[in-house]
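In the numbering used here, the protein residues as written are 146 to 423.
Structure first, commentary second.
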């Protein structure tokens with residue numbers, strides 16, 4: 146695969162992680178052939194992924210880490226995962242934002258990707274508990290930014306609260322602010338989604354803040370890549386019955402699609418089958 150020779154390290158590592166998770170483990174020699182890079186490059190990538198805590202190195206290769214339900218990765222660790230999937234999801238979800246509406250974006254790397262796609266939707270009022278999401282809009286509105294002085298730039302409300310490892314603001318201050326508002330659409334990133342546990346997160350305070358988001362929204366759109374299906378965090382904050390639409394990527398298996406379609410009124414699969422997270 147000579148087209149992979151010039152991949153950025155982050156993109157290459159995302160491909161490796163996706164392969165590890167999809168197959169349950171890979172060998173170094175398989176990755177060198179697939180990526181058309183040296184043995185040393187692959188080993189450096191595996192070292193970097195192991196430091197992030199997302200894989201475990203074994204003799205001759207790597208296997209996925211089985212995470213505890215309380216494990217909460219940081220924003221930087223998650224931001225390099227499933228890149229293409231998140232971009233596909235973001236484009237599909239952005240089409241659901243109506244100009245002039247009031248929307249909410251929760252924390253997470255997928256909602257961060259979505260924020261960048263929403264810059265061209267005029268006259269939005271955006272409420273978020275994500276420092277990263279707010280920064281996207283604020284940066285675009287500075288002199289020389291993507292929005293500049295252009296009419297129709299979004300009005301952004303950032304809730305207060307205590308910062309989590311994923312750069313979300315949670316706790317009583319955030320909860321009170323969100324509970325007093327009403328949104329046309331909530332775009333919600335999740336740690337995990339399953340039939341049994343619904344929507345879940347490893348962070349108890351974030352679970353309560355997300356619960357308030359769901360209660361304040363007329364429509365709930367979950368944006369999450371295929372690796373989140375079947376994952377269960379420590380605390381559930383919503384049932385599948387409270388979700389109107391699930392936007393995910395083409396990496397979702399056919400069996401999972403059938404299961405989701407039985408549970409949810411709306412499933413949007415973005416991207417092309419066979420695309421990877423680079």
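Using N, Cα and C, we set each Cβ at its ideal position, and we do this for glycine too.
Treat the numbers as computed from the prediction; the structure is a model and nothing was measured.
Given residue i, which residues of its chain have a CB within under 7 Å of its CB, disregarding the five upstream and five downstream residues?
i           : result
residue 231 : 254, 255, 258, 370
residue 365 : 331, 333, 359, 387, 388, 389
residue 166 : 209, 372
residue 238 : 259, 332, 366, 368, 392
Just to confirm my understanding: we take residue i, look at its own chain, exclude 5 residues before and 5 after, and list those with CB closer than 6 Å. What are they?
i           : result
residue 201 : 208, 210
residue 90  : It is not possible to answer for residue 90, since the shown part of the chain is limited to 146 through 423.
residue 182 : none
Let's see if you can read the secondary structure: which residues bound the alpha helix (DSSP H) around residue i?
i           : result
residue 179 : 173-180
residue 388 : Looking at the DSSP string, residue 388 is not in any alpha helix (DSSP H), and its letter there is neither H nor E.
residue 412 : Run containing residue 412: none in the alpha helix (DSSP H); it sits in the beta strand (DSSP E), 412-415.
residue 470 : A query on residue 470 cannot be resolved here, the shown segment of the chain reaching from 146 to 423 and no further.
Quick one: grab the DSSP three-state call for residue i.
i           : result
residue 194 : helix
residue 397 : coil
residue 299 : coil
residue 364 : coil
residue 161 : helix
residue 326 : coil
residue 308 : strand
residue 404 : helix
residue 213 : Model confidence at residue 213 stands at a pLDDT of 48, short of 50, so the residue's coordinates are unreliable and nothing is read from them.
residue 266 : coil
residue 259 : helix
residue 314 : strand
residue 203 : strand
residue 208 : strand
residue 349 : helix
residue 187 : helix
Could you confirm whether any beta carbon from chain B is found closer than 8 Å to the beta carbon of residue i?
i           : result
residue 199 : Reference to chain B is not applicable here, since this structure consists of a single protein chain.
Within 10 angstroms of the Cβ of residue i, are there 16 or more other Cβ atoms? Answer buried if so, exposed if not.
i           : result
residue 153 : exposed
residue 300 : exposed
residue 357 : buried
residue 225 : Residue confidence is low: residue 225 scores 46 on pLDDT, short of 50, so the model does not pin down where it sits. Its coordinate-derived value is still stated next. Residue 225 is buried by the Cβ-count criterion.
residue 266 : buried
residue 314 : buried
residue 344 : buried
residue 400 : exposed
residue 199 : buried
residue 164 : buried
residue 384 : exposed
If distances are taken between C-alpha atoms only, which option among the options comes closest to residue i?
i           : options            : result
residue 341 : 198, 377, 335      : 377
residue 250 : 238, 233, 304, 272 : 272
residue 175 : 191, 193, 206      : 206
residue 414 : 177, 398, 408      : 398
residue 362 : 329, 384, 375      : 329
residue 322 : 279, 283, 303      : 303
residue 162 : 326, 278, 409, 197 : 197
First and last residue of the beta strand (DSSP E) that includes residue i?
i           : result
residue 331 : 330-333
residue 373 : From DSSP, residue 373 is part of no beta strand (DSSP E); its letter is neither H nor E.
residue 271 : 270-273
residue 250 : 247-250
residue 228 : Here residue 228 belongs to no beta strand (DSSP E); instead the alpha helix (DSSP H) covers 228-239.
residue 344 : 343-346
residue 383 : 380-383
residue 339 : 337-339
Who are the near neighbours of residue i in its chain, counting only those whose CB is closer than 8 Å to its CB and skipping five residues on each side?
i           : result
residue 269 : 242, 244, 245, 246, 247, 248, 263, 299, 300
residue 346 : 217, 335, 336, 337, 352, 355, 378, 379, 380, 382
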